[in-house]
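So the working numbering is basically just the index in the sequence shown, starting at one, shifted up by 36.
Ideal placement from N, C-alpha and C gives every residue a C-beta, glycine not left out.
The model shown is predicted, which means the values in this text are computed figures rather than measured ones.
Encoded as structure tokens, the structure appears first; notes follow it.
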Amino acid sequence: MFYKFVKIPVNRLNLFLLCFCFIWNKLDAQILNIDREFAADSLRKNWDFCGGINFSSDKQKKNILNLNTSLEFDRFFKNKHVLLGMFKNDLVYSGMSKIQNEGMLHIRYRDNDQRKFSTELYAQYQWNGAWGMEYRYLYGSNLRFKLFDKNKSDFYAGIGLFHENERWNYSGVADDVLAQNTSKKERQMFRLNTYLKSSFKLSKSVDCSIVSYLQMPVNSNFKNLRWFLDANVYYRATDKFSFFVHWDHFSDAYRVVPIQTFYYSYSTGLMVNL
37 MFYKFVKIPV NRLNLFLLCF CFIWNKLDAQ ILNIDREFAA DSLRKNWDFC
87 GGINFSSDKQ KKNILNLNTS LEFDRFFKNK HVLLGMFKND LVYSGMSKIQ
137 NEGMLHIRYR DNDQRKFSTE LYAQYQWNGA WGMEYRYLYG SNLRFKLFDK
187 NKSDFYAGIG LFHENERWNY SGVADDVLAQ NTSKKERQMF RLNTYLKSSF
237 KLSKSVDCSI VSYLQMPVNS NFKNLRWFLD ANVYYRATDK FSFFVHWDHF
287 SDAYRVVPIQ TFYYSYSTGL MVNL
């Protein structure tokens, strides 16, 4: 596989000059480029933008098409806050049949790593056809704590509350556990949200990032946790070529429909820096 990556600091004059790249990236990933420890952080201006698109086509009995899109923008303000936006979508077709449609839209307003204690606001909309999640939208806020932020490493923690509303169908449920009533299910609730996030450089060539979320329903099922972990290692072999390793897993003991409670993914690849 061949990958390209681009990170573009832009100002008001060239804001609309969007540049795309080819990149392989997991849709569940929660690590933003702004949260990594790398040299481009020192070049920040009013805006940063990065985007990626990956298209593949395989001729089998039917054509298998895959389109993976990833976009991120960062808007920096004079009050030392930043507005972050992220969009990701993965589409897979076999002939005219849709196999997968997974994606998310996330927006967040927070401190730009300047304050010891701060608040952050966020909203998210996501969907996952393979699981049967037609939609999940949520909004909430966190108290954010800077435990430390040094030249080559940082460590942050957060705690807050969000409200989510979701609708599911039974397309992701195994046949042997299908219920007699397979009508669409809707649910809304508040959840307590906690997270730990860290990024660090092991050397001039290697940087790592990791984030872990624990989310608990604010009801009698409080002990049924949702846990998401995302970890990445990047190795810069030369000025142009880098390798990455990605791991994430997702566990939810309080599902709307009886799909599996644990999922994981692993990927590795080559990036060409332009």
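Q: Kindly indicate which three-state DSSP category D84 falls into: helix, strand or coil?
A: In the sequence shown, counting from the first residue as 1, residue 84 sits at position 48. DSSP places D84 in strand when its eight states are reduced to three.
Q | CB contact flag (Q162, M140, <8 Å) | A | Along the sequence shown, one-based indexing puts residue 162 at 126. Along the sequence shown, one-based indexing puts residue 140 at 104. Taking 8 Å as the cut-off, the Cβ atoms of Q162 and M140 count as close.
Q: Could you tell me how far apart the beta carbons of V213 and P294 are, in whole angstroms, since I believe they sit closer than 8 Å?
A: Reading the sequence shown from its first residue, position 177 is the one you call residue 213. Reading the sequence shown from its first residue, position 258 is the one you call residue 294. V213 to P294, Cβ: 5 Å. Contact.
Q) With a cut-off of 8 Å, do at least 3 Cβ pairs link the region 197-206 to the region 273-285? A) As far as the Cβ criterion goes, the region 197-206 does not touch the region 273-285, which means the pair count is below three.
Q.
Let's see if you can read the secondary structure: which residues bound the beta strand (DSSP E) around D284?
A. Position 248 of the sequence shown, counting from 1, holds the residue named residue 284. Start and end: 277-288.
(Q) Let me see if you follow: with CB-CB separation under 8 Å, is Y302 close to chain C or not? (A) Of the chains in the structure shown, none is chain C; there is only one protein chain.
Q: Grab the span of the beta strand (DSSP E) containing M140 for me, first residue to last.
A: Here the question's residue 140 lines up with position 104 in the sequence shown. Unbroken beta strand (DSSP E) run through M140: 133-147.
Q.
Closest to Y145 by C-alpha separation, out of F85, L157, E202, N187, would be which residue?
A. Here residue 145 is taken as the residue at index 109 of the sequence shown, counted from 1. Taking only the C-alpha atoms, the option nearest Y145 is L157.
(Q) Could you check whether A166 and E138 sit closer than 8 Å to each other, using their CB atoms as the reference points? (A) Here residue 138 corresponds to residue number 102 of the sequence shown, with the count starting at 1. Here residue 166 corresponds to residue number 130 of the sequence shown, with the count starting at 1. In contact: E138 and A166 (Cβ atoms closer than 8 Å).
Q) Where does V269 sit, in a helix, a strand or coil, going by DSSP? A) The residue labelled residue 269 in the question sits at position 233 within the sequence shown. In the structure shown, V269 adopts extended strand secondary structure according to DSSP, grouped into three states.
Q: Name the two residues that bound the continuous beta strand (DSSP E) containing G196.
A: Locating residue 196 in the sequence shown gives position 160, where the first residue counts as 1. Taken as a continuous stretch (DSSP letters only), the beta strand (DSSP E) holding G196 covers 189-204.
(Q) Using the three-state DSSP reduction, which class does V213 fall into: helix, strand or coil? (A) Position 177 of the sequence shown, counting from 1, holds the residue named residue 213. Here V213 sits in helix by DSSP.
Q.
Just to confirm, is the Cβ distance from F236 to K188 under 8 Å?
A. Within the sequence shown, residue 236 is the residue found at index 200, counting from 1. Within the sequence shown, residue 188 is the residue found at index 152, counting from 1. With respect to K188, F236 sits close: the two C-beta atoms are nearer than 8 Å.
Q. What residue does the beta strand (DSSP E) around A166 start on, and which one ends it?
A. For the purposes of this step, residue 166 is taken as the residue at position 130 of the sequence shown. In the DSSP assignment, A166 falls outside any beta strand (DSSP E) and carries neither an H nor an E.
Q: Tell me whether D266 is buried or exposed, calling it buried when 16 or more other Cβ atoms sit within 10 Å of its Cβ.
A: As a working note, residue 266 is residue 230 in the sequence shown. Buried: at least 16 other Cβ atoms inside 10 Å.
Q: Identify whether R227 lies in helix, strand or coil by the three-state DSSP scheme.
A: Your numbering for residue 227 matches position 191 in the sequence shown. Three-state DSSP puts R227 in a strand.
Q. Which word fits T297, buried or exposed, when buried means at least 16 other C-beta atoms lie within 10 angstroms of its C-beta?
A. For the purposes of this step, residue 297 is taken as the residue at position 261 of the sequence shown. With a threshold of 16 other beta carbon atoms within 10 Å, T297 falls short and is exposed.
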